[in-house]
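Heads up: the structure comes next, in C-alpha cells.
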Amino acid sequence: IEIPSGVTSIGKNAFQYCSSLTSIEIPESVISIGNNTFEHCSSLTNITIPGSVTSIGNYAFYNCTGLTSITIPKSVTSIGNGMFKYCTGLTSITIPKSVTSIGSNVFGGCTVLTEVLLENGSTLTSGQLGVDASKIATYWNEDNLTWTLTADGTMTISGKGAMKEDYNTYYSPAYDNENIKKVVIEDGVTSIGEYAFSGCRSLTDITIPGSV
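Each residue of the sequence shown is one higher than the one before, starting from 1 at the first, in the UniProt record's numbering.
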C-alpha cells in the first residue's frame, strides 16, 4: 500500500487485521499514526516511519509478528502502551533520544528481542523499558562512554574519560535498576559520578580500574 502525499494522519484501526499486508509507504506529510493502526498485520515485514511523524498511538504495531526491525524517527517524543507487544519476530530496536516517555508493556511478548539501543543523550532508564532483562542486552551511549547491560545482570561501562559529575538530576543508565548484579568499569574511565548506581539493590560486585 502507498499512502498518497498530503495525508497528515493515519486514523486509529486503519489497517487493523489486514493480515495480508506486507509493506506500506508512508509519505513525509504524515505527522501522526493512530491507536491500533497496524494491529494484527501479521504479514507486515517492511515499514518506514518518516521523520515527519511525531506521534504514534497505543498498540500501533500490536501482534505484527512479521516485523524483524523498525526504526523510530527522531521526531517521535513518546512511545505508546503496548506499541510492539507480541511482535515475536522483532530482534532489535533503536530508540532515539527524542523519546522521553514510554508506555507500559511496550515489548511484552517480544520473545526474540535481544537488543535495545538507546541513542546518545537518551534520558530513558532500563527500568522504563519494560523488557525482560534476563534476555536482552541494552546499550546506552553517553557522550564518550557506553553503558551495556547484558542478560546475566552485568553492567559494563567502557570508553575514555569521565562520567557525568552528578546523576542526581540526570539519571544514569543504571539508576534504580534491580537487575544489575555486577558492575565492570573498564580501564579508560576516569571518574564515577555521584548517584551513578543509586537504587541498584541487587548490586554485589563492582570492578573499578586504576584509571579512576
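Just so it is clear, CB atoms sit at the ideal spot from N, CA and C, and this is done for glycine as well.
Cβ-based neighbour list, residue i, same chain, cut-off 7 Å, excluding 5 preceding and 5 following
i	result
F61	F38, L67, M83, F84, C87
N105	N81, G82, K85, G130
Proximity below 8 Å, CB of residue i to CB of residue j
i	j	result
T91	T114	yes
residue 225	N58	One cannot answer for residue 225 here, as it falls past the ends of the chain, which runs 1 to 212.
T156	K181	no
C41	S19	yes
I49	I26	yes
I93	S69	yes
T45	T22	yes
V53	P73	yes
K164	G210	no
G199	Y175	yes
I10	G34	yes
T29	G51	Rather than Thr, the amino acid found at residue 29 in this sequence is Ser. Not closer than 8 Å, so no.
Beta-ladder partner(s) of residue i, from DSSP
i	result
I71	The residue you asked about is not Ile; residue 71 is Thr in the sequence shown. Paired residues: T94.
L21	Looking at the DSSP assignment, L21 forms no beta bridge with any residue, so it has no partner.
I56	I33
I79	I102
N46	S23
As assigned by DSSP and simplified to three states, the class of residue i
i	result
E119	coil
I208	coil
V99	coil
E28	coil
E39	coil
N190	With the sequence shown as reference, residue 190 is identified as Thr, and Asn is not the correct amino acid for it. Looking at T190 - three-state DSSP - the assignment turns out to be strand.
S198	coil
S5	coil
6 Å CB neighbourhood of residue i in its chain, flanking five on each side removed
i	result
Y139	L117, T148
A162	T190, S191
T146	S158, G159
G109	K85, Y86
V183	M155, I206
Other residues of its chain near residue i: CB distance less than 8 Å, five sequence neighbours each side excluded
i	result
I1	F15, L21, S23, I24, E25
S43	S19, S20, L21, T22, G66
- beta strand (DSSP E) segments (min. 3 residues) lying fully within the stretch 130-187: If we require 3 residues or more, the beta strand (DSSP E) runs fully inside the stretch 130-187 come out as 137-142, 145-149, 154-159, 182-185.
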